[in-house]
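Numbering (full-length UniProt numbering), first residue to last: 1 to 344. Input: a single structure, listed below in structure tokens.
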């Protein structure tokens with residue numbers, strides 16, 4: 001892609017998200033979401049492949065439907081209350097706005113577009129879609145969390161955790177695995193949204209860190225399939241080792257970063273006397289743990305001395321400082337969780 005066009009698209013993404021973050025008005029928030037949607041579509045189609053065109057079309061139709069629902073609900077709410085304020089919502093329109101924002105995020109059962117879209121686009125655009133594009137809708141969801149129906153959030157959260165784990169089990173494409181991982185992590189965030197919005201924000205920040213670290217690592221070794229990642233050890237042993245640890249961090253194993261939000265969410269659910277919900281959530285997360293461990297097991301099988309001499313490669317992979325920084329954060333934030341929570 002032309003560097004000037006790329007810079008314009010990235011600036012538009014930044015402007016759209018910033019506009020939504022700074023707005024107290026539903027119309028301005030909607031404009032920011034639309035700028036975000038339109039700015040990422042050229043990045044999806046920068047490789048003119050039928051799969052990329054299909055992914056961009058699916059993304060546009062889904063986001064346009066969610067945006068239309070947001071605009072319609074906000075207009076009807078303004079007609080009823082006389083206010084466009086984000087935090088002033090009347091009862092029927094809170095649910096429709098919440099559902100539209102969850103559709104933009106890719107929460108189950110409104111998730112069907114997310115794996116197919118991420119599978120059809122480059123890893124760099126998949127990184128933006130999995131992290132940056134979720135900031136604006138998640139911020140709006142946080143702002144209306146005190147008005148949202150608790151049963152809706154619990155249902156969507158549990159469904160997302162189950163589908164995020166179940167859908168990723170039989171995948172051979174790493175981008176689809178990351179898509180279902182995203183659905184599962186968003187389910188944890190929505191589950192606790194009504195009880196403790198600050199904990200949702202903390203979980204969201206750590207999710208962005210871990211997902212970015214995984215995507216940067218995949219971009220460094222140019223792997224999109226499990227079969228490709230299984231032969232990457234000779235090219236970059238240190239990077240593959242840290243990738244295994246990032247996968248375990250995404251799975252939520254201690255003492256890595258990903259364990260922190262899961263521990264705090266379970267403790268918060270227990271504090272709210274919802275022990276049954278906490279138990280079901282922990283059991284549902286075992287599905288996601290299975291496919292993370294499966295990926296890690298595939299990498300371990302290729303460690304020396306299991307590699308035949310004919311399959312060795314020159315170690316030509318270059319690790320960027322950004323990859324190293326994000327990987328370090330994705331692995332070592334757990335001891336620093338209390339100060340971060342105090343800041344939030």
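Virtual Cβ for every residue (Gly too), placed ideally from N, Cα, C.
Endpoints, the alpha helix (DSSP H) within which residue i is located
i	result
residue 83	Careful: residue 83 lies outside any alpha helix (DSSP H) and carries neither H nor E.
residue 185	174-191
residue 334	Segment: none, residue 334 is in no alpha helix (DSSP H) and carries neither H nor E.
residue 143	135-143
residue 242	237-251
residue 132	First-last for residue 132: undefined, no H or E at that position.
residue 114	113-120
residue 148	Note, residue 148: premise wrong, no alpha helix (DSSP H); not H, not E.
Of the listed residues the options, nearest to residue i (C-alpha basis)
i	options	result
residue 239	167, 267, 134 and 321	321
residue 164	50, 291, 148 and 192	291
residue 45	208, 36 and 122	122
residue 155	143, 192 and 127	192
residue 195	264, 257 and 205	264
residue 76	66, 64, 59 and 94	94
residue 283	54, 333 and 188	188
residue 112	85, 176 and 236	176
residue 214	54, 167, 124 and 88	124
residue 9	35, 39, 21 and 16	39
residue 149	172, 229 and 92	92
residue 114	62, 225, 157 and 78	62
residue 152	66, 132, 130 and 96	96
residue 142	86, 330 and 274	86
residue 242	266, 329, 158 and 167	329
In DSSP terms, what residue i is bridged to
i	result
residue 25	85
residue 225	173
Inter-residue Cα distance where the pair is residue i and residue j
i	j	result
residue 311	residue 116	Unreliable placement is indicated for residue 311, whose pLDDT of 49 sits below 50; the coordinate value is still reported in the next sentence. Residue 311 and residue 116: Cα-Cα distance of roughly 32 Å.
residue 286	residue 181	12 Å
residue 231	residue 289	22 Å
residue 68	residue 2	32 Å
residue 356	residue 32	For residue 356 there is no data in the structure shown, the boundaries of the chain being 1 and 344.
residue 339	residue 325	19 Å
residue 23	residue 137	12 Å
residue 296	residue 248	8 Å
residue 335	residue 162	29 Å
residue 70	residue 184	24 Å
residue 145	residue 202	15 Å
residue 261	residue 209	13 Å
residue 90	residue 190	21 Å
Three-state class that DSSP yields for residue i in the structure shown
i	result
residue 272	coil
residue 327	helix
residue 106	coil
residue 90	coil
residue 45	coil
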